[in-house]
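Engineer:
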Amino acid sequence: MPQKRKGKKRILAVLIAVAVIVVASALLQRFLPSFSKADDYVSSVYNEVGQSLGLTEGVDDGLYVRFIDVGQGDCELIVCDGKVMLIDAGEFGNETKVINTLKGLGIKTIDYAVATHPHSDHIGALAEVLAEFTVRNYLTYKLPAELVPDAYYYTKLVCEIEEAGANTVYAKPGIVFMLGGAKVTVVGPVDVSDNLNNMSIVLRVDYGNTSYLFEGDAEREEELGIIASGADVDCDVLKIGHHGGDSSTSDEYLKAVTPGIAVISCGKNNDYGHPHDTVLRRLSLFTENIYRTDIYSDIVVSSDGKTYKVTYADK
0 MPQKRKGKKR ILAVLIAVAV IVVASALLQR FLPSFSKADD YVSSVYNEVG
50 QSLGLTEGVD DGLYVRFIDV GQGDCELIVC DGKVMLIDAG EFGNETKVIN
100 TLKGLGIKTI DYAVATHPHS DHIGALAEVL AEFTVRNYLT YKLPAELVPD
150 AYYYTKLVCE IEEAGANTVY AKPGIVFMLG GAKVTVVGPV DVSDNLNNMS
200 IVLRVDYGNT SYLFEGDAER EEELGIIASG ADVDCDVLKI GHHGGDSSTS
250 DEYLKAVTPG IAVISCGKNN DYGHPHDTVL RRLSLFTENI YRTDIYSDIV
300 VSSDGKTYKV TYADK
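Those letters in the sequence shown? Residues 0 to 314, per numbering that gives the first Met the number 0, in order.
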């Protein structure tokens, strides 16, 4: 009973806070039309309220997966039972979008930060994002010396992780850890490759009877290696590799995965023509449920462990 009372008080506090924000927004826009940053101000107040109350809007129960629209790049947020994982953060310039998204959900701590592979469209903004939060663990892998990028964004990320004092976890196939009630399994990379895309960290997430696969930029070479390793890749939700490029999402892989839905992270009218028609045709043989960030912007898949649902925000 005491917990129920506490919950009711918490809900009441949220309702009051939201009401105040709505009224403030209306007054600012009506009486101070020249105050062009009214919306930003209200948004920042909302974020502060959420954080002060320790809330994660819409992610308090079950599993919450958000494919954050970072244009021609990748960024996935996973929250389960208050534990947070961030996979990549897109190209430099997307840090404000990612930071505001996380803070808007009341997130202060990232339990696992994942850098799938050192390409700028995946980790270019990651250092700036992580600097705004407490980071407990950093999931990466040891690169052969000849493959270590000589790039500012990579060096800055390494320095940020050191300054944050995060525990570094090196990804190896078969490693399992818990994110709240969700089980996370590393399924790739299996082999060393001189193509960094094929050294992408590939993660499987299981929550109750639902399952998810996050591909990074894994191409056919890595996909076949994962299949050969015997890893369980059959899943409900597949984050397509390499933004829907035809070097990924092979027929062999799709036959093993049999996805219920597919999510493609790519930029609107991007220079690469992603997603390629060949990939869309392959996918259509397995599912009609294809969601793209260039069309739907942020895509959210939430689950109670029994079923899952998809929602999205228009641009």
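Virtual Cβ for every residue (Gly too), placed ideally from N, Cα, C.
Keep in mind that this is a model prediction, so the values were computed, not measured.
Determine the contact status of T257 and D233, defining contact as a CB-CB distance below 8 angstroms.
Structural biologist: Start at 1 with the first residue of the sequence shown, and residue 257 comes out as number 258. Start at 1 with the first residue of the sequence shown, and residue 233 comes out as number 234. Cβ atoms of T257 and D233: closer than 8 angstroms.
Engineer: What is the DSSP secondary structure of Y206, reduced to helix, strand or coil?
Structural biologist: For the purposes of this step, residue 206 is taken as the residue at position 207 of the sequence shown. It is a strand residue.
Engineer: Taking just the CA atoms, how far does A255 sit from I226?
Structural biologist: Position 227 of the sequence shown, counting from 1, holds the residue named residue 226. Position 256 of the sequence shown, counting from 1, holds the residue named residue 255. Going from the Cα of I226 to the Cα of A255 covers about 7 angstroms.
Engineer: V41 to G103, Cα distance in whole Å?
Structural biologist: To locate residue 41, count along the sequence shown from 1; it is residue 42. To locate residue 103, count along the sequence shown from 1; it is residue 104. Bear in mind that the predicted position of V41 carries a pLDDT of just 41, short of 50, making it unreliable; the figure below should be weighed with that in mind. Approximately 11 angstroms, taken between the alpha carbons.
Engineer: If we count the other Cβ atoms within 10 Å of its Cβ and call it buried at 16 or more, is S283 buried or exposed?
Structural biologist: On the sequence shown, residue 283 is found 284 positions in, with the first residue counted as 1. It is exposed - the Cβ of S283 has fewer than 16 other Cβ atoms within 10 Å.
Engineer: With a threshold of 16 other CB atoms inside 10 Å of the CB of P117, please say whether the residue is buried or exposed.
Structural biologist: As a first step, residue 117 must be located in the sequence shown, where it is residue number 118. Looking at its Cβ environment, which holds 16 or more other Cβ atoms inside 10 Å, P117 is buried.
Engineer: Taking only heavy atoms of the ligand GTP into account, decide whether any of them is closer than 7 angstroms to the Cβ of P172.
Structural biologist: Among the ligands in the structure shown, none appear at all, so the ligand GTP cannot be discussed.
Engineer: Leaving out five residues on either side along the sequence, give the residues of the same chain with a beta carbon under 6 angstroms from the beta carbon of E344.
Structural biologist: The structure shown does not extend to residue 344, since the chain spans only 0 to 314, so no value can be given for it.
Engineer: Tell me the start and end of each unbroken beta strand (DSSP E) in the region 179-244 that is at least 3 residues and wholly inside, in chain order.
Structural biologist: Segments of the beta strand (DSSP E) lying fully in the region 179-244: 181-187, 201-206, 209-213 and 236-238.
Engineer: Under 8 angstroms by Cβ, that's how I've got S199 and E222 pegged, so tell me the actual separation to the nearest angstrom.
Structural biologist: Within the sequence shown, the letter at position 200 stands for residue 199. Within the sequence shown, the letter at position 223 stands for residue 222. 10 angstroms between Cβ atoms; not a contact.
Engineer: Can you tell me whether C74 is helix, strand or coil according to DSSP?
Structural biologist: Start at 1 with the first residue of the sequence shown, and residue 74 comes out as number 75. Coil, per DSSP.
Engineer: Could you tell me whether the Cβ atoms of E214 and V201 are closer together than 8 angstroms?
Structural biologist: Residue 214 sits at position 215 when you count from the first residue of the sequence shown. Residue 201 sits at position 202 when you count from the first residue of the sequence shown. Taking 8 angstroms as the Cβ cut-off, E214 and V201 qualify as a contacting pair.
Engineer: State the Cα-Cα distance for the pair I122 and Y153, rounded to the nearest angstrom.
Structural biologist: The residue given as residue 122 occupies position 123 in the sequence shown. The residue given as residue 153 occupies position 154 in the sequence shown. Rounded to whole angstroms, I122 to Y153 spans 8 angstroms at the Cα level.
Engineer: Would you call V299 buried or exposed, if buried means 16 or more other Cβ atoms sit within 10 Å of its Cβ?
Structural biologist: Against the sequence shown, residue 299 aligns to sequence position 300. When all chains shown are included, V299 counts as buried.
Engineer: Would you kindly check if the distance between the Cβ of D216 and the Cβ of L146 is under 8 angstroms?
Structural biologist: Indexing the sequence shown from 1 puts residue 146 at position 147. Indexing the sequence shown from 1 puts residue 216 at position 217. For L146 and D216, no; Cβs fall outside 8 angstroms.
Engineer: Taking only the alpha-carbon atoms, compute the straight-line gap between N288 and K96 and give it to the nearest angstrom.
Structural biologist: The count along the sequence shown starts at 1 and reaches residue 288 at position 289. The count along the sequence shown starts at 1 and reaches residue 96 at position 97. Spanning the two alpha carbons is a distance of roughly 26 angstroms.
Engineer: Thinking just about the alpha-carbon of each residue, which of R280, Y290, V189 and A126 is nearest to the one in C158?
Structural biologist: Start at 1 with the first residue of the sequence shown, and residue 158 comes out as number 159. Considering only alpha carbons, the answer is A126.
Engineer: Counting only runs that start and end within the region 119-156, where is the beta strand (DSSP E) found for 3 or more residues in a row?
Structural biologist: 133-139
Engineer: Restricting to Cα atoms, I'd like to know which of C79, A150, I174 and G180 is closest to Y140.
Structural biologist: For the purposes of this step, residue 140 is identified with residue 141 of the sequence shown, where counting begins at 1. Of C79, A150, I174 and G180, the residue nearest in Cα terms is I174.
Engineer: Using 8 angstroms as the threshold, is the region 170-185 in touch with the region 72-81, meaning 3 or more CB pairs across them?
Structural biologist: yes
Engineer: On the three-state DSSP scale, how would you describe V69?
Structural biologist: Residue numbering aside, residue 69 sits at position 70 when the sequence shown is read from its first letter. Reduced to three states, the DSSP call for V69 is coil.
Engineer: Among residues of its own chain, excluding the 5 on either side of L279, which ones have a beta-carbon nearer than 6 angstroms to its beta-carbon?
Structural biologist: The count along the sequence shown starts at 1 and reaches residue 279 at position 280. Counting only Cβ-Cβ distances below 6 angstroms, and skipping sequence neighbours, we find nothing.
Engineer: Can you give me the Cβ contacts of I263 inside the same chain, cut-off strictly under 6 angstroms, excluding the 5 residues immediately before and after it?
Structural biologist: As a working note, residue 263 is residue 264 in the sequence shown. The answer, listed in chain order, is I239, G243, P274 and R291.
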